[in-house]
Structures are given as C-alpha cells and as structure tokens.
C-alpha cells in the first residue's frame, strides 16, 4: 500500500478530518464538501487520502489512539477505538475512496 510511517498516515487522516468534518456536524455535508474539493485537487491527492484512510482503519495502534484522533480531529463523540474505526469506514465509503485511482502507478 505505502511505505510511509504510520505517523504520517495518521497525520494525513487528521488533516482531512479537521478540514472537512470538524466544523460540520453533518457527515453527509462534510463528505459532499470533501468530494467537491477533490475535483479541484491534484488527483493523486485523492489516492493518497484513500490509502491513508485504508491504512488507518487496518492499523494496530495503542489502545485509545484511534479514538483520540477521531474525537479531536472530527469533533465526533466516539468513545472507543472500535467506534472510531467505524466512523473512518463510513468516511471512506462516503468519500468513495474505494474508486480512487493511482495515476502514478507504472
């Protein structure tokens, strides 16, 4: 998937959540804003975000780390790592990251 450090991956997820989810109470409106913004972004940025979310969802992190990341960055009241992971999975699905394309692939 990627060879970047997990800290860089989590930083990318944090920045995305802060940009689109923290000030927006509606997950649907946040996803819509993120999708609209991605139209003007470097298309490879969408791929990098998709990879970061997938990696964060699958990561084995110290207890409480994922919950704190999602709670602080998104403003969502997640109480456990499992709830945080479920939220990240919804964000992944809502932003259609499963169809992101790697334009740098050889």
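Numbering (the working numbering), first residue to last: 238 to 343.
Beta carbons: idealized from backbone N, C-alpha and C, even for Gly.
Note that this is a predicted model, so its numbers are computed, not measured.
Quick check: what's the CA-CA separation for residue 261 versus residue 331? Position 24 of the chain shown holds residue 261. Position 94 of the chain shown holds residue 331. So the alpha carbons of these two residues sit roughly 15 Å apart.
Using the C-alpha atoms, what's the distance from residue 282 back to residue 246? Reading the chain shown from its first residue, position 9 is the one you call residue 246. Reading the chain shown from its first residue, position 45 is the one you call residue 282. Between residue 246 and residue 282, the C-alpha separation is close to 13 Å.
Euclidean distance between Cα positions of residue 338 and residue 313: In the chain shown, the residue the question calls residue 338 occupies position 101. In the chain shown, the residue the question calls residue 313 occupies position 76. Approximately 29 Å, taken between the alpha carbons.
Exposed unless 16 or more other CB atoms sit within 10 angstroms - verdict on residue 300: Residue mapping note: residue 300 aligns to position 63 of the chain shown, counting from 1. Exposed, since its Cβ has fewer than 16 Cβ neighbours within 10 Å.
Count the other CB atoms within 10 Å of the CB of residue 316; is the residue buried (16 or more) or exposed (fewer)? Residue numbering aside, residue 316 sits at position 79 when the chain shown is read from its first letter. It counts as exposed.
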